[in-house]
Structure formats: structure tokens, C-alpha cells
Amino acid sequence: MPAPPSTVFALDERLEHMRQNCIECGVCVRECAFLRRYGTPWRIAGEWNSPRTERERLPFSCSLCGLCTTVCPLDLDPKALFLDMRRSAVREGLGHFPEHNRLVDYETRGTSSRYTWYGLPDGCDTVFFPGCTFPGTRPAVTRKLFTFLMSKVPNLGVVMDCCTKPSHDLGREQAFDERFSEMRDWLVKRGIRRVLVNCPNCYGVFEKNGGQIRPETVYEYLAANGVPENANLSGAVSVHDPCPLRDHPEAHKSVRTLLDRMGLEVKEMKHHGMNTVCCGEGGNVAPVDRQLATQWGNIRREESRGRTVVTYCAGCTAYLSSYVPAVHVLDLAFFPKQAAAGQAKISAAPLTYLNRLRLKAWFKRTIKAAHERVRPEKPSQS
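Here the sequence shown stands for residues 1 to 382, numbered as in full-length UniProt numbering.
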């Protein structure tokens, strides 16, 4: 079931818990430019209700990557505190920035009847959920990936929709709860129990809010069932683990297994696995505080030491490309030579929207759907 709505009382509890337990050891501050600017979680919690605090902006400068929570020696959860601060700001009418409009519109378009399609064959209990960015930027890889999965998973269905992570991270609780729960409930009522995802954000949303639906990354599935192409690559690369999957070591291991099978040697960066850093896109910080967002990319440029950086998030790949040679592991899996040469075919907007419409038509031709729909413009429990 989805997490209960964040109330003023819940935020007050988090603030008090942080004030009572954070010892200001500085471990999290050393890892994070946001905390170096605003202070320890203890200080931020203590000053939240002060007139001097930038309540409308402070929490939206945090990337919500969770590294602070991971490194805390007392198992405190600053990330959850900062997310609740975003929710509180939205409730107070302070958390609506014009800079966020582009992302909000992106989600609204992605959940519209025009861009969504659910196709479930008879006997379907597993669906492929390609997300928003990946199918738009990589339609050919999406088709190859689905074709491979369909050859292995009986009665595989598809859900072209947005997981509404943007609303979740922007603190727009009502929009997130309404949109995600409507999708989840429709799928559960029709027997869906597993969702295969390539997007780390989608994984995180389903893991925390999917109820009876269990998410699994396609990277784990590919590692267990073989890479579809004989890559025959060579050389050394580094891996950027997307922060929504920092607590999912099975995904980390699977991606490295795939790269090893391709013939690539992984040279680990200082921050990897559970201690990975944000790519810079997290929390939609860049539109409101580009200086903080760029700190993460600079870390990756320094730690990768000129090597190609392989990641498994379309957003991370795009954002890191401004700092390092970055490539998506699925580009390498399905178009190895082109991707290894830096020639992966990646579309940009507005072509991405046309690609999603074409994929929708392709899925409708490919799947013999016993149950199908587009998302209703207004949430429904039917």
C-alpha cells in the first residue's frame, strides 16, 4: 500500500527526532554540497521554523539521493525529513516553482490517454513497464528488449505509463497518490503481480507503493537469462549506480555481470553501489539550484578518470553526458558496437514524443491483449 500522506504532525515528529538524535558528526556533510551549504541535519531541523529559514527553497535544493541516510552512523534518515519538508512547503503553498512546470507538464503528458496504453494477454501476471524517458529516447532498444523478454516470459503484457515519481519527489502528494494508486489498483484487479522495469525511479516507486505488485529490474532478468547479443567488447569502464537503486545490490551485481559477459572490465569509482552519488538530476534540483546540481557531475568526472561511465538509468546517462563519456548498459546489450563507439542512437525532444506514440502503436500490433485501456483523464477505481 502507498505510504500514508505526510501530515504536519509527521513532519514535527521527524524534526524533533532529528533534533534529539543527530550528533553533528559531519559524516553526511562531508559527502554533500547541499549539507555543506545549509548545515547538518540537526541544524536544519532546529531552524526549520525560524523566520530566517528559506522554507520555500531549502528542501528543493536537496537531490533526495539518500547518501546522507546511507552513511549516517546512527541510522537516521535525513532524506525522509527533507522530502517531508517538500510536502509541507507544497501544503503551505510555498513549493510551487515556475522552474518545475516543465517536469510537471512532462508527467501530465506521460499519464494522458494519448501516450498511455495497457495491454494484458490472457493469463498475464507480469508486465513490462518501460517508463517515460527510455522508450522516447531509445525506441529500437525498447522493441528489442521487449521482444527478448516476450520470448522468455509467458503471456507478458506491457504498461506504457508514468510512475508519477516527479509528483512524488516534488512533494505533490495528492497528485502522486491519485495517479499511482489508480494504475496500481487497476493492475492488481486484473491479476498482475510482477512488473519488469528498466527505470530505477519506477523500481523505487513500485517497491514502496506497489502493494501486491513486485518490481524486478530487467538487469537482473537479463543477467539470469543471458545477454541477447554477442557483444565481444573489450576495455575498462566505470559504473554509475543510480541512487534510487542504492539499496538494491542485486541490481548492482547484475549490471556488472552483464558487462563482464560483454568482455568489459569494471574499474570501480570511489562512490559506487550503496555509496553511489546522484548524477545531478535527482530531486529536480537543477532548475532551481544549478550550482548544487553540478557538484555531482563534477564528482563523477573526477572519479571516472577519463573512462567511459556505464549506467542503467536513461536520465543519468543524459545528465552525466555533459561531464563524462556516458552510455546506457542496454545500449551496449542490444547495439554493442555502436554504443561502445559512442554512436548509440538516442533521440531528443520533440522526437521522443513521436517515438512513444509509434511504440504505442507497435505494442498494440504485437500484443494480443485480452484487457487493454488507456489511462482515464480522471482517476477511477474501476
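For glycine and all other residues, C-beta sits at the position ideal for the given N, C-alpha and C.
_Rounded to whole angstroms, what is the Cα-Cα separation between ASN155 and ALA340?_
Across the structure, ASN155 and ALA340 are spaced so that their CA atoms are roughly 33 Å apart.
_Please tell me whether ALA293 and CYS199 are closer than 8 Å, where the distance is taken between their beta carbons._
Taking 8 Å as the cut-off, the Cβ atoms of ALA293 and CYS199 do not count as close.
*By DSSP, does CYS117 sit in helix, in strand, or in coil?*
It should be pointed out that residue 117 corresponds to Trp in this sequence rather than to Cys. Note: TRP117 maps to strand in three-state DSSP.
*asked:* So, under 8 Å CB-CB, THR126 and ARG194 are touching, yes? Tell me the CB distance rounded to an integer number of Å.
replied: Indeed they touch by this definition, with Cβ atoms about 4 Å apart.
*asked:* Measuring only the C-alpha atoms, how far is SER347 from VAL205?
replied: For SER347 and VAL205, the distance between alpha carbons rounds to 26 Å.
*In angstroms, rounded to a whole number, what distance separates the CA positions of LEU67 and CYS32?*
In a straight line, the C-alpha of LEU67 is about 8 Å away from that of CYS32.
*Which residues in the same chain have their Cβ closer than 7 Å to the Cβ of GLU207, if we skip the five residues on either side of it in sequence?*
Contacts found: PRO215.
_Euclidean distance between Cα positions of MET269 and VAL27_ = Distance between the alpha carbons of MET269 and VAL27: 19 Å.
_6 Å Cβ shell around LEU11 - same chain, five flanking residues per side excluded_ = Once the five neighbours on either side are set aside, the close Cβ partners of LEU11 are ASP84, SER88.
_Buried versus exposed, by CB contacts within 10 Å (16 or more), SER50_ = Burial check for SER50: the Cβ neighbour count within 10 Å stays below 16, so the residue is exposed.
_For the ligand ADP, I want to know if GLY226 counts as a neighbour, meaning its beta carbon is within less than 7 Å of at least one of the ligand's heavy atoms._
Questions concerning the ligand ADP fall outside what the structure shown contains, since it holds no ligand whatsoever.
*asked:* Measuring only the C-alpha atoms, how far is ARG301 from GLY123?
replied: For ARG301 and GLY123, the gap between their C-alpha atoms comes out near 47 Å.
_Within 8 Å, strictly: CB atoms of GLY157 and ILE367_ = Yes; because the gap between Cβ atoms is below 8 Å, this pair is in contact.
*Round the Cβ separation of GLU47 and LEU94 to the nearest angstrom and send it over; I've been treating them as touching at under 8 Å.*
Not really, about 16 Å apart at Cβ, beyond 8 Å.
*Can you list, in chain order, the residues of its chain whose CB lies under 7 Å from that of THR142, leaving out five sequence neighbours each side?*
Cβ neighbours of THR142 beyond the five flanking positions: PRO130, PHE134, PRO135, LEU359.
_Straight-line gap, LEU354 to ASN209 (C-alpha atoms, nearest Å)_ = Those two C-alpha atoms are separated by around 30 Å.
*Taking C-beta to C-beta, are CYS162 and GLY119 nearer than 8 Å?*
No, these two residues do not count as a Cβ contact at 8 Å.
*asked:* Assuming contact is defined by CB atoms lying nearer than 8 Å, are VAL309 and HIS240 in contact in what I supplied?
replied: Cβ distance < 8 Å, so VAL309 and HIS240 count as in contact.
_Helix, strand or coil at LEU67 according to DSSP, with G and I counted as helix_ = Three-state result, LEU67: helix.
*Looking at the structure shown, is PHE128 part of a helix, part of a strand, or coil, going by DSSP?*
PHE128 falls in the strand class under three-state DSSP.
*Count the other CB atoms within 10 Å of the CB of ARG246; is the residue buried (16 or more) or exposed (fewer)?*
Under the 10 Å beta carbon count, ARG246 is surrounded by 16 or more other beta carbons and is classified as buried.
*Which residues bound the beta strand (DSSP E) around MET160?*
From DSSP, the beta strand (DSSP E) with MET160 extends over 157 to 160.
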